[in-house]
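The next block holds one structure in the form of structure tokens; read it before the comments.
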Amino acid sequence: MSDLEQFQTETRQWLEANCPMSLRTPTPDGELIWGGREPNFTFDDQRLWFERMRDKNWFCPTWSTEYGGAGLSPKENSILEKEMRKIKCRPPQINLGIWMLGPVLLEHGSEAQKQQFLKPMARGEVRWCQGFSEPNAGSDLASLRTSAVDMGDHYLVNGSKIWTSYGDKSDWMYALVRTDPKAPKHQGISLILLDMRSDGVKTAPIDLISGKSSFCEVFFDNVRVPKENLIGDINDGWKLAKELLQHERSAMSKFGEFQLPTHFDLMSLVQDYLPTPRSASETSLLYKAHEADMEEHAYHLTVQRLTQEMQAGQNCFGLMSIMKLVHTEQEIVKFEILLDAMGYRALGWEDDSFTTQEQAINRAWLNSFSQTIAGGSSEVQLNVIAKRVLQLPENKGVST
Numbered sequence: 225m226s227d228l229e230q231f232q233t234e235t236r237q238w239l240e241a242n243c244p245m246s247l248r249t250p251t252p253d254g255e256l257i258w259g260g261r262e263p264n265f266t267f268d269d270q271r272l273w274f275e276r277m278r279d280k281n282w283f284c285p286t287w288s289t290e291y292g293g294a295g296l297s298p299k300e301n302s303i304l305e306k307e308m309r310k311i312k313c314r315p316p317q318i319n320l321g322i323w324m325l326g327p328v329l330l331e332h333g334s335e336a337q338k339q340q341f342l343k344p345m346a347r348g349e350v351r352w353c354q355g356f357s358e359p360n361a362g363s364d365l366a367s368l369r370t371s372a373v374d375m376g377d378h379y380l381v382n383g384s385k386i387w388t389s390y391g392d393k394s395d396w397m398y399a400l401v402r403t404d405p406k407a408p409k410h411q412g413i414s415l416i417l418l419d420m421r422s423d424g425v426k427t428a429p430i431d432l433i434s435g436k437s438s439f440c441e442v443f444f445d446n447v448r449v450p451k452e453n454l455i456g457d458i459n460d461g462w463k464l465a466k467e468l469l470q471h472e473r474s475a476m477s478k479f480g481e482f483q484l485p486t487h488f489d490l491m492s493l494v495q496d497y498l499p500t501p502r503s504a505s506e507t508s509l510l511y512k513a514h515e516a517d518m519e520e521h522a523y524h525l526t527v528q529r530l531t532q533e534m535q536a537g538q539n540c541f542g543l544m545s546i547m548k549l550v551h552t553e554q555e556i557v558k559f560e561i562l563l564d565a566m567g568y569r570a571l572g573w574e575d576d577s578f579t580t581q582e583q584a585i586n587r588a589w590l591n592s593f594s595q596t597i598a599g600g601s602s603e604v605q606l607n608v609i610a611k612r613v614l615q616l617p618e619n620k621g622v623s624t
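Counting along the sequence shown from 1, when you hit position 32 you're at 256 in the working numbering, and nothing is skipped either side.
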């Protein structure tokens, strides 16, 4: 037996013995576990799964043991992910820091920063949020105005962020700030880490049409940030931001593989509402459902292939913009088909005559539109794909 075969056998046995049966099902709304100073467990099996995966160092399996990981090779990590999918393990935690900030710190952080931030991150002890977008800096992110003024031993931060996911529940933020207002907009930006408990930080939740929202506005009023919390070089934040956003899109492209509350099995639900098509329109709808299901399956296979290529050292970050674009647009199509199949049962909101699942599907359909904006809108992704993947020339206008 080869080393990889031995690892696969041991991994399969460990997961079977340690993942509670109650956590081998899709995650209901409200049962996601977020890492943080005070993680909220709704029942004991959640805590047990969290602690077992944490103690196995499998929150960050490919990170070195020096920074709280398990030191797994790319092939070993691929086996771990495959075995977790096979028995439908729920994610032991959700942690934006691990998905996005961690890889940037590993490459660009100082040794002191790695020791300070990566180990708690790898143990699920800190909940992170992202401070990028601003009221007048959404798709044109580089026009941000939140300032960080050099005060000697610290920066003084003033301004605001918007669409900050779970800003009101997070412990720390990784934020883009303007450190040189006189420089061209892409060249005067820096990346800093900011404690959300700092004096002068305030948050305000944003309501959405779906009835539930993770988004917040965050306001900074003379917030002191130690200069040691600057990541990379001063005014070099735009380069780091682009790397971080590619990690975000890579994570978003794999959301469909997780047992998340927003994931619904299209075909099983369509068959519940249309067990036997009785008209040409219902037959056509069933055909569309099968087509969407096959496209989703092909998408997941492609994501797995790209992940393996990335783990083998190939640069696939540009392609992840394609995957993020495809996945979020596929989700809208899927929910439109599902709502058509449900008919009037898709009208439920808070009425007791509709099931909890029917109400959740309605809200998930509304929320699916926001996913085409989060992490860079579909229009932005098309530009990224044109420039960085297809390397098409920019259209600078035609002279007359």
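All C-beta atoms, glycine included, are put in the ideal place defined by N, C-alpha and C.
Classify residue i as helix, strand or coil using the three-state DSSP reduction.
| i | result |
| --- | --- |
| Gln237 | helix |
| Thr427 | strand |
| Ala361 | strand |
| Val494 | helix |
| Val550 | helix |
| Thr388 | strand |
| Asn446 | strand |
| Phe439 | strand |
| Gly355 | strand |
| Gly326 | helix |
| Gly206 | Because the chain spans 225 through 624 in this model, residue 206 falls outside it and cannot be assessed. |
| Leu432 | coil |
| Gly383 | strand |
| Ile455 | strand |
| His521 | helix |
| His378 | strand |
| Trp287 | coil |
| Trp258 | strand |
| Val622 | Note that Val622 scores a pLDDT of 42, beneath 50, so its modelled location is shaky; the value from the coordinates is reported in the next line. Reduced to three states, the DSSP call for Val622 is coil. |
| Trp462 | helix |
| Arg473 | helix |
Note the first and the last residue of the continuous beta strand (DSSP E) segment covering residue i.
| i | result |
| --- | --- |
| Tyr398 | 396-402 |
| Asp374 | 371-374 |
According to the neighbour-count rule (16 or more other Cβ atoms, all chains shown, within 10 Å of its Cβ), is residue i buried or exposed?
| i | result |
| --- | --- |
| Gln615 | exposed |
| Ser492 | exposed |
| Pro499 | exposed |
| Met420 | buried |
| His521 | exposed |
| Ala336 | exposed |
| Met375 | exposed |
| His632 | The structure shown does not extend to residue 632, since the chain is modelled only from 225 to 624, so the question has no answer here. |
| Glu307 | buried |
| Phe267 | exposed |
| Ser505 | exposed |
| Thr388 | buried |
Using only the alpha-carbon positions, how far apart do residue i and residue j sit?
| i | j | result |
| --- | --- | --- |
| Gly260 | His332 | 23 angstroms |
| Lys451 | Leu417 | 10 angstroms |
| Trp273 | Asp392 | 26 angstroms |
| Asn264 | Trp258 | 7 angstroms |
| Ser302 | Gln532 | 7 angstroms |
| Ala588 | Gly254 | 13 angstroms |
| Lys299 | Trp573 | 45 angstroms |
| Leu400 | Leu509 | 45 angstroms |
| Leu490 | Asp496 | 10 angstroms |
| Arg569 | Asp517 | 21 angstroms |
| Ala584 | Pro252 | 9 angstroms |
| Leu468 | Thr249 | 31 angstroms |
| Ser594 | Gln230 | 43 angstroms |
| Gln554 | Lys548 | 10 angstroms |
| Arg473 | Ser577 | 38 angstroms |
| Glu358 | Leu365 | 8 angstroms |
| Thr507 | Gln581 | 24 angstroms |
| Gln483 | Tyr523 | A caution first: Gln483 carries a pLDDT of 49, below 50, which makes its placement in the model too unreliable to give a value. |
| Arg351 | Asn607 | 31 angstroms |
| Lys338 | Met397 | 16 angstroms |
| Glu234 | Cys313 | 16 angstroms |
Ends of the alpha helix (DSSP H) at residue i?
| i | result |
| --- | --- |
| Ile416 | No alpha helix (DSSP H) contains Ile416, which is instead part of the beta strand (DSSP E) from 413-419. |
| Asp279 | 268-279 |
| Gly292 | That residue, Gly292, is in no alpha helix (DSSP H); it is neither H nor E in DSSP. |
| Pro344 | 343-346 |
| Lys338 | Run containing Lys338: none; DSSP gives neither H nor E here. |
| Met245 | Careful: Met245 lies outside any alpha helix (DSSP H) and carries neither H nor E. |
| Lys299 | 298-310 |
Quick check on residue i - is its C-beta less than 7 angstroms from some C-beta in chain C?
| i | result |
| --- | --- |
| Ser371 | Here chain C cannot be found, since the structure has a single protein chain. |
Legend entry - Complete alpha helix (DSSP H) runs within the region 561-620 (minimum length 4 residues, chain order): 580-595, 602-608
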